[in-house]
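In this note's numbering, the protein residues as written are 1 to 262.
Every residue gets a Cβ at the ideal spot worked out from N, C-alpha and C, and that includes glycine.
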């Protein structure tokens, strides 16, 4: 994932006959917006917000949250997915998706109100900007997600992580997937799996209509060797030939097992 120093949230509107700004706002509006930004940043992970530097800037009313010690990485990931794909279904944290849905409803119902989330890539300083207005359509669709366990087969190209261990796998169809892992699972695994093709067993949530996966977690690496062993095949074939040597007719043998040998 790209590195980001900060994540900024802006609300644009008119209040009390003038543009919304740090010097012109109402307490209910500011309180609601700050609470929504807080909820978006926390998500399900709930990082310690006391360790994250925050400030209010102009540009209508903008809340800037610093990404200290990668505490915002989860929030940035969901924001990036939404900015790229424009689909709330791609937001992995339902709490954040709910906040975006709230902002969309507010922008639709209150003329002139817009919300923005933006950040800068490091080191290019390219600005990624997401705008929510009466012209956008970020709606929460009620789609059923079910818990599943399944096997994935692909090449491991990244493994580990300091704070949130995971396994990156490239599947046979070229798609890449990041699977969360418990640190003890990786610590107890003695095999070098990096850049090797592996079969993994995972648990995840799967959408019953689109079959998309989310919240993937590693259960185990599974032993799997798809290579054809000619010597082993010959050994089994010879053993089978010996076992069938005394059977003159397979059909008669099966009929005798059924009791039809009269």
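Beta-carbon proximity of residue i to residue j, cut-off 8 Å
i, j, result
"residue 215", "residue 92", "yes"
"residue 100", "residue 82", "yes"
"residue 165", "residue 177", "no"
"residue 33", "residue 11", "yes"
"residue 13", "residue 112", "yes"
"residue 203", "residue 149", "yes"
"residue 151", "residue 132", "no"
"residue 264", "residue 201", "Nothing about residue 264 can be read from this structure; the chain reaches only from 1 to 262."
"residue 128", "residue 136", "no"
"residue 206", "residue 146", "yes"
Exposure of residue i, with buried meaning 16 or more beta-carbon neighbours within 10 Å
i, result
"residue 84", "exposed"
"residue 8", "buried"
"residue 16", "exposed"
"residue 218", "buried"
"residue 192", "exposed"
"residue 67", "buried"
According to DSSP, residues forming a beta bridge with residue i
i, result
"residue 154", "171, 198"
"residue 206", "146, 213"
"residue 159", "167"
"residue 19", "14"
"residue 79", "BP columns for residue 79 are empty, so no partner."
"residue 120", "127"
"residue 178", "168"
"residue 218", "202"
"residue 7", "65"
"residue 55", "64"
Cut-off 8 Å between Cβ atoms - residues of its own chain near residue i, not counting five sequence neighbours on either side
i, result
"residue 41", "7, 47, 49, 52, 65, 72, 75"
"residue 43", "74, 75, 78, 93, 95, 96"
"residue 139", "88, 101, 104"
"residue 18", "24"
"residue 155", "169, 170, 195, 196, 197, 198"
"residue 1", "Since pLDDT at residue 1 reaches only 46, below the 50 mark, its modelled position is unreliable, and no value is offered."
"residue 54", "63, 64, 65, 66"
"residue 172", "153, 154"
Contact set for residue i: own chain, Cβ-Cβ below 6 Å, skip 5 residues either direction
i, result
"residue 153", "199"
"residue 117", "9, 79, 130"
"residue 181", "165, 166, 167, 218"
"residue 163", "none"
Own chain residues within Cβ distance below 7 Å of residue i, not counting five before or after
i, result
"residue 90", "81, 82"
"residue 37", "9, 63"
"residue 234", "none"
"residue 134", "107, 108"
"residue 39", "95, 99"
"residue 231", "none"
Cβ-heavy atom distance, residue i to the ligand GDP, below 7 Å
i, result
"residue 93", "Of ligands this structure carries none, so the ligand GDP is not represented either."
At least three beta-carbon pairs within less than 8 Å, the region 184 to 203 to the region 74 to 83
no
Decide yes or no for the touch test of the region 159 to 174 against the region 97 to 109: beta carbon pairs closer than 8 Å, at least 3 of them.
no
The region 51 to 63 touching the region 15 to 26, judged by at least three CB pairs closer than 8 Å:
At 8 Å Cβ cutoff, the stretches touch.
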